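All remarks here apply to the structure that follows.
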Ligand code: HEA
Ligand code: HEA
Ligand code: CUA
Ligand SMILES: [Cu+2]
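Chains as they are written, first to last, in this note's numbering: chain L, 1 to 318; chain W, 1 to 99; chain U, 1 to 200; chain A, 1 to 540.
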């Protein structure tokens with residue numbers, strides 16, 4: 001299931017505690033419920049017309065004080081030790097400055113590189129130094145089971161070590177105003193070399209994430225429809241699929257004519273995708289941000305002809 | 001909070017003017033001490049604050065507010081309140097002091 | 001206070017004490033906030049305290065202590081059926097309470113005059129810790145002032161009731177309760193003095 | 001047992017004073033009438049809250065819709081939370097059933113300060129009106145969530161100040177009720193009614209009253225600070241002036257965690273009254289239950305910061321508060337085990353109040369167990385501020401306090417109105433309620449585990465299926481609710497006349513007529529034994 005997607009070591013730590021408490025809870029809940037039903041049936045006044053006047057039993061009271069106490073303490077201890085791991089970043093972790101503001105996230109790496117989505121190398125510890133520029137926000141990556149509030153005037157930290165390549169949601173969890181539910185971004189976990197290529201590459205190093213389609217074949221550009229060739233050449237397919245799978249960005253399959261919910265100048269709108277919309281999405285990606293996706297699409301220079309090809313190709317995907 | 005204390009607590013003998021004036025004098029003197037101590041430097045001031053102020057408050061509670069002449073119930077009420085506040089302080093400082 | 005239940009002075013006093021509990025916790029919350037902030041900004045609090053007029057604070061302490069005394073003496077007088085005396089004591093208390101407010105007014109006035117009041121431009125130029133110090137100062141002394149005013153109102157009613165014999169030797173629990181309130185206001189001030197005026 | 005309705009005294013529902021009709025009610029100092037005043041005003045607000053809950057579910061039915069704006073949604077959950085917490089579950093059981101039955105259960109004619117009691121009701125109404133006013137004045141309904149976290153609550157243009165002031169006034173009402181109950185229990189117990197002869201409801205109300213006294217003032221001062229901050233910018237919570245948002249959170253939760261025990265303790269008290277009556281035997285472990293009420297009150301005041309595990313508190317504080325949270329769960333566990341054991345070897349008379357009592361135990365256990373999950377640090381980090389929390393607190397507040405309120409209402413209904421409702425209709429309403437409840441709130445918990453944050457106007461596609469399930473659940477739930485209240489409403493007007501003691505209970509309220517006369521007892525009874533003493537009844 002989706003929510004059991006463990007994409008970091010912290011997720012394993014948190015889930016271990018979950019299964020422990022959940023198991024205990026199920027046992028107790030079933031036990032209590034079963035006893036209740038059994039007593040009600042067994043000691044119904046028809047079967048058991050005369051009640052026995054029992055006042056209590058000291059021994060039992062002690063037993064059911066001590067057993068839960070011990071169990072609760074064990075839950076505490078397990079929860080605490082695992083949390084200790086989840087909250088203490090190792091020394092060699094790369095420190096990323098995360099800034100929350102109404103209503104977006106931005107990430108700054110030690111060498112000064114900035115991005116709107118978080119790029120992370122697989123298997124390497126990454127430390128998040130979370131701050132806020134205005135009100136309290138919450139930095140939450142469900143697939144990593146990590147969460148820390150962004151509180152103005154202080155820096156809170158958390159960390160993770162991703163175990164799976166992929167793209168994962170970042171959500172804001174503290175009510176921070178009207179677009180709180182749109183304050184989303186992504187973590188893009190890529191193999192270390194790819195991350196390094198981007199990180200140490202210059203200004204125009206391609207953003208990582210292409211490896212998601214590593215498994216796909218690399219057909220010859222000439223055999224492709226022209227639009228697809230442009231998409232491949234310009235690196236669009238790193239973030240967009242043509243077969244319906246969501247990646248960093250929305251899929252281009254069946255896009256044309258679809259109703260899209262977009263954020264335009266701070267307000268939500270519903271638009272129907274047409275030529276003009278597609279062109280604008282590609283030439284000015286920050287103008288219209290699709291709901292549920294980070295405002296992360298880079299501006300790419302396309303010639304008018306390339307643009308036409310791309311639009312025609314997208315139409316053909318219906 | 002025992003049954004008997006509660007019902008027999010109507011005060012038997014009322015204290016007179018003298019008692020209270022004496023207490024007032026002590027309070028004035030203590031205030032003087034507090035002010036004096038606060039000039040002796042930071043640590044002295046803090047210690048003065050921590051000892052003399054509760055002492056003064058205690059005197060007001062005990063005599064002016066007749067706590068001395070009431071049954072145990074009222075004393076328990078006040079102690080519970082102060083205890084609760086104290087615990088609030090302590091637990092809050094488990095955060096503030098270890099940040 | 002009781003309609004069909006027989007009169008229960010002990011119950012009334014218990015009720016009053018329980019009410020005072022809520023007042024203690026109310027100010028307790030502020031004291032908690034104060035210590036939290038003082039821990040964060042020790043130097044600024046020290047400095048902020050230096051800007052307050054300690055002499056006025058000390059005078060006001062003596063004024064309130066004395067007014068507390070006169071209230072309790074008024075109760076003694078009532079217990080001994082010395083109505084005139086009780087009224088005189090209560091009158092003194094009222095006068096002292098007003099004195100307290102007047103002095104407080106001067107003190108605040110001076111601060112305002114120097115541009116120190118919440119949201120002022122001058123305050124905004126101070127270090128954050130001092131802004132917090134003055135924020136707390138105005139809140140806590142202000143709230144205390146409100147309690148003084150309420151207490152004065154209560155005691156004025158008591159003065160009137162003593163005059164009209166609604167409070168008398170065999171029935172003075174209302175005076176006792178108003179007195180309790182007044183003393184609590186005094187106790188709070190006892191704490192405010194070192195926290196603000198003697199903090200430097 | 002023998003003093004049956006032979007009294008000449010008319011029922012409290014009949015006006016005997018100089019004033020008649022509505023005026024007689026609005027100026028009454030009779031604790032029973034005040035209890036009903038609370039009941040009627042609360043139900044009114046409660047239905048507003050339910051209606052809002054319904055609309056919120058409709059919003060989540062689509063991934064994106066144009067019915068209401070994001071701003072409106074934020075206002076909706078805030079108002080829903082404020083109404084449900086401050087106008088409904090916090091005052092709920094104490095104000096309704098505490099007022100009505102506390103004096104009767106301890107053999108008194110009224111509470112210690114009847115006029116103060118009426119004043120509390122007026123404070124309640126005033127607070128409620130202010131809360132409603134805040135929706136339409138100033139910048140519109142507040143959009144901060146019921147927690148009013150600074151600095152957002154300081155910056156937003158909506159009418160936070162008035163809403164917060166309303167909460168302040170409501171807190172005042174709650175404290176005055178607390179003062180009244182403590183004094184009443186200390187002073188007005190009937191002769192022979194020793195502490196350990198009091199029905200457990202009284203213990204529950206007593207410990208609740210103490211929390212009301214010791215915790216409410218903290219939130220009062222916190223809210224005052226928010227108002228001062230908004231009007232004068234005193235800067236205590238505002239980080240741009242050196243203030244600290246975490247201080248706000250601490251102060252807020254110092255009250256608001258204990259407040260959840262204000263909600264649940266009286267509910268547990270009512271449950272402890274109902275069980276023995278239908279099992280026809282004394283409650284199992286009377287003292288254990290009485291003491292666990294007191295210890296919940298005590299330890300419950302020490303765990304507030306478990307709402308702040310991800311706020312960036314010190315690691316020490318996280319550890320301490322997680323530990324204390326686990327400890328506070330123990331007394332609740334003790335109660336559950338004692339309740340279940342009370343059914344053992346009883347002679348169980350299965351009636352609607354018992355059905356709702358057992359439902360309470362089941363739902364409260366789910367709520368409580370999920371509470372324990374949240375208390376475990378490593379897990380809390382994941383589920384904090386997600387729908388898991390929303391599921392948890394609906395289970396404890398609605399499945400717990402709400403169901404207990406239903407059970408208590410069914411149990412005491414014949415006494416309060418002197419009428420009996422249709423048991424069949426009540427059973428029928430239970431099914432949609434129970435199924436709908438679990439669909440709605442268990443669905444929410446699954447959503448939370450999947451990573452659906454709370455207070456979200458729109459949700460991501462992967463959460464859609466569960467949201468639909470939850471919304472359908474809410475329809476069933478509301479269907480059950482309408483059937484339930486319809487049945488009771490019908491019974492008030494058209495119900496059969498109820499006996500004085502329809503369930504065969506043995507506490508004092510069943511010894512007086514239904515509905516009770518103005519001063520409850522013709523003559524104050526003398527108590528010679530514990531509260532759940534069934535032998536005597538069997539002998540007859
Ligand atoms: C009636 C109200 C009520 C009650 C009774 C409780 C009871 C408990 N609550 Fe809950 N809680 C709320 C109302 C309530 N809560 C609300 C409103 C919020 C959210 C506020 C907001 O943010 O808006 C909240 C949030 C909340 C949080 C914060 C979550 C977060 O935001 O991160 C936590 C964390 O520890 C918590 C814990 C608990 C615990 C441990 C209990 C315990 O008291 C439960 C004890 C009971 C049991 C444990 C069940 C019975 C016991 C057994 C069957 C024994 C056997 C079991 C075992 C051995 C495991 N609650
Ligand atoms: C007791 C408290 C209570 C109750 C009963 C309810 C009832 C409901 N609640 Fe909720 N809810 C809260 C307290 C409560 N709520 C709080 C505190 C929040 C947090 C707000 C915030 O985030 O700031 C919240 C938040 C909340 C959310 C999350 C919003 C978000 O985070 O985006 C949702 C989502 O759908 C929701 C839905 C509902 C629904 C559908 C109902 C109902 O419509 C269900 C139907 C109700 C019933 C069937 C009746 C219940 C009957 C009783 C309890 C007894 C009545 C008896 C008498 C008066 C005699 N509520
Ligand atoms: Cu940012 Cu919610
Ligand atoms: Cu809590």
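No residue lacks a Cβ here, since even glycine has one placed at the ideal position from N, Cα and C.
None of these values were measured; they are calculated from a predicted model.
What three-state label does DSSP hand residue 94(L) in the structure shown? Position 94 of the first chain, counting from 1, holds the residue named residue 94(L). Residue 94(L) carries a strand assignment under DSSP once its states are collapsed to helix, strand and coil.
In the DSSP output, what is residue 218(A) paired with across the bridge? Looking up residue 218(A) in the fourth chain gives position 218. None, per the DSSP bridge assignment.
Restricting to Cα atoms, I'd like to know which of 115(L), 135(L), 148(L) is closest to residue 129(L). Along the first chain, read from residue 1 onward, the residue named residue 129(L) stands at position 129. When 115(L), 135(L), 148(L) are compared, the shortest CA-CA separation from residue 129(L) is found for 148(L).
Could you tell me which whole alpha helix (DSSP H) segments of length 4 or greater appear in the stretch 261-346 of chain A? 286-300, 315-342, all fully within the stretch 261-346 of chain A.
Selected residue, minimal CA-CA separation from residue 49(L), among 505(A), 355(A), 348(A): Here the question's residue 49(L) lines up with position 49 in the first chain. Of 505(A), 355(A), 348(A), the smallest CA-CA separation from residue 49(L) is found for 348(A).
Nearest chain L C-beta to residue 286(A) closer than 8 Å, yes or no? Within the fourth chain, the letter at position 286 stands for residue 286(A). With 8 Å as the cut-off, residue 286(A) counts as an interface residue toward chain L.
Taking Cβ positions, are residue 176(A) and residue 28(A) nearer each other than 8 Å? Position 176 of the fourth chain, counted from the first residue, corresponds to residue 176(A). Position 28 of the fourth chain, counted from the first residue, corresponds to residue 28(A). Residue 28(A) sits away from residue 176(A), with the two beta carbons spaced by 8 Å or more.
Hey, quick one: how far does the alpha helix (DSSP H) through residue 554(A) stretch, first residue to last? Given a span of 1 to 540 for chain A in the structure shown, any question on residue 554(A) remains unanswerable.
Among 239(A), 70(A), 219(A), 221(A), the one whose alpha carbon lies nearest that of residue 130(U): Taking the first residue of the third chain as 1, we reach residue 130(U) at position 130. Minimum Cα distance to residue 130(U) is reached at 239(A).
Coil, strand or helix - residue 486(A) by DSSP: The sequence position of residue 486(A) within the fourth chain is 486, counting from 1. Note: residue 486(A) maps to helix in three-state DSSP.
If we call anything under 8 Å between Cβ atoms a contact, is residue 487(A) one with residue 411(A)? Walking along the fourth chain from the start, residue 487(A) turns up at place 487. Walking along the fourth chain from the start, residue 411(A) turns up at place 411. The Cβ atoms of residue 487(A) and residue 411(A) do not sit closer than 8 Å to each other.
Measure the C-alpha to C-alpha separation of residue 85(A) and residue 127(L) and round it to an integer number of angstroms. Your numbering for residue 85(A) matches position 85 in the fourth chain. Your numbering for residue 127(L) matches position 127 in the first chain. Residue 85(A) and residue 127(L) have their C-alpha atoms spaced approximately 38 Å apart.
Assign residue 4(A) to one of two classes, buried (16 or more other C-beta atoms within 10 Å of its C-beta) or exposed (fewer than that). To locate residue 4(A), count along the fourth chain from 1; it is residue 4. For residue 4(A), the pLDDT reaches just 45, beneath the cut-off of 50, and the residue's location in the model is therefore unreliable, although a value from the coordinates is still provided. Here residue 4(A) is exposed, its C-beta having fewer than 16 other C-beta atoms within 10 Å.
What are the residues in the stretch 152-178 of chain A lying within 8 Å of chain L by C-beta distance? Residues of the stretch 152-178 of chain A that bring their beta carbon within less than 8 Å of a beta carbon in chain L comprise 152, 155, 156, in sequence order.
Under 7 Å from the C-beta of residue 213(A): neighbouring residues of chain U: Taking the first residue of the fourth chain as 1, we reach residue 213(A) at position 213. Listed along the chain, the chain U residues whose CB falls inside 7 Å of the CB of residue 213(A) are 18, 21, 22.
Beta-carbon of residue 52(L) versus every beta-carbon of chain A: anything under 8 Å? Walking along the first chain from the start, residue 52(L) turns up at place 52. Yes, its Cβ sits closer than 8 Å to a Cβ of chain A.
Around the Cβ of residue 249(A), are there at least 16 other Cβ atoms within 10 angstroms (buried) or fewer (exposed)? The residue labelled residue 249(A) in the question sits at position 249 within the fourth chain. With 16 or more other Cβ atoms within 10 Å, it is buried.
Cα-Cα separation, residue 20(W) to residue 180(U): Taking the second chain and counting its residues from 1, one reaches residue 20(W) at position 20. Taking the third chain and counting its residues from 1, one reaches residue 180(U) at position 180. Going from the Cα of residue 20(W) to the Cα of residue 180(U) covers about 15 Å.
Paired residues, beta bridge with residue 114(L) - DSSP: Sequence index remark: in the first chain, residue 114(L) carries index 114 (1-based). Bridge partners of residue 114(L): 108(L).
Looking at the C-beta of residue 69(L), does it have a partner C-beta in chain A at a distance below 8 Å? Taking the first residue of the first chain as 1, we reach residue 69(L) at position 69. Among the CB atoms of chain A, one or more fall inside 8 Å of the CB of residue 69(L).
Where does the unbroken beta strand (DSSP E) through residue 168(L) begin, and where does it stop? By one-based count along the first chain, residue 168(L) stands at place 168. Element bounds for residue 168(L): 166-172.
At a CB distance below 8 Å, what residues from the stretch 102-129 of chain A approach chain U? Give them in sequence order. So the close ones are 108, 109, 110, 112, 113, 114, 115, 116.
Limits of the unbroken beta strand (DSSP E) element including residue 184(L): On the first chain, position 184 is the one that residue 184(L) refers to. Counting along the chain, the beta strand (DSSP E) containing residue 184(L) begins and ends at 184-190.
On the CB-based measure, 16 or more other CB atoms within 10 Å of its CB, does residue 90(L) come out buried or exposed? The residue you call residue 90(L) lines up with position 90 of the first chain. By the 10 Å Cβ count, residue 90(L) comes out exposed.
Own chain, CB closer than 8 Å to residue 94(U), minus 5 neighbours either side, in chain order: Counted from its first residue, the third chain places residue 94(U) at position 94. Cβ neighbours of residue 94(U) beyond the five flanking positions: 152, 155, 156, 159.
Decide if residue 291(L) is buried, meaning its Cβ has at least 16 other Cβ atoms within 10 Å, or exposed. In the first chain, counting from the first residue as 1, residue 291(L) sits at position 291. By the 10 Å Cβ count, residue 291(L) comes out buried.
Could you work out which residues of chain U lie near residue 187(A), taking near to mean beta carbons separated by less than 8 Å? The sequence position of residue 187(A) within the fourth chain is 187, counting from 1. Using a Cβ-Cβ cut-off of 8 Å, residue 187(A) is close to 8, 10, 11, 14 of chain U, given in chain order.
Would a check of beta-carbon distances place residue 194(U) closer than 8 Å to chain W? As a first step, residue 194(U) is located in the third chain; it is residue number 194 there, counting from the start. Chain W contact via Cβ: present.
Option nearest residue 123(L) by Cα separation, candidates 141(L), 8(L), 184(L), 114(L): Walking along the first chain from the start, residue 123(L) turns up at place 123. It is 8(L).
When DSSP builds the beta bridges, which residues end up paired with residue 131(L)? For the purposes of this step, residue 131(L) is taken as residue 131 along the first chain, with counting starting at 1. Beta-bridge analysis with DSSP links residue 131(L) to 99(L).
Our contact map puts residue 559(A) next to residue 153(A) with C-beta atoms below 8 Å; I'd like the distance itself, whole angstroms only. In this structure chain A extends from 1 to 540, so residue 559(A) is not present and cannot be described.
How long is the line joining the alpha carbons of residue 216(L) and residue 242(L), rounded to whole angstroms? Within the first chain, the letter at position 216 stands for residue 216(L). Within the first chain, the letter at position 242 stands for residue 242(L). Unreliable positioning characterises residue 216(L) in this predicted model, as indicated by a pLDDT of 41, which lies under 50. The coordinate reading is nonetheless provided below. For residue 216(L) and residue 242(L), the distance between alpha carbons rounds to 12 Å.
To the nearest angstrom, report how far apart residue 150(L) and residue 55(A) are at their CA atoms. As a first step, residue 150(L) is located in the first chain; it is residue number 150 there, counting from the start. As a first step, residue 55(A) is located in the fourth chain; it is residue number 55 there, counting from the start. A straight-line Cα-Cα distance of about 30 Å links residue 150(L) and residue 55(A).
6 Å CB neighbourhood of residue 218(L) in its chain, flanking five on each side removed: Start at 1 with the first residue of the first chain, and residue 218(L) comes out as number 218. Caution applies to residue 218(L), whose pLDDT of 47 falls short of 50 and renders its modelled position unreliable; the value that the coordinates give is listed next. So the list is empty, once near-sequence residues are dropped.
Got a sec: does ligand 3 put a non-hydrogen atom nearer than 7 Å to the Cβ of residue 98(L)? Translated into positions along the first chain, residue 98(L) becomes position 98. Flag unset: Cβ of residue 98(L) not near ligand 3.
Which residues, in chain order, sit with a beta-carbon under 6 Å away from any heavy atom of ligand 4? Around ligand 4, the residues selected by a Cβ distance under 6 Å to any of its heavy atoms are 257(A), 260(A), 306(A), 307(A), following chain order.
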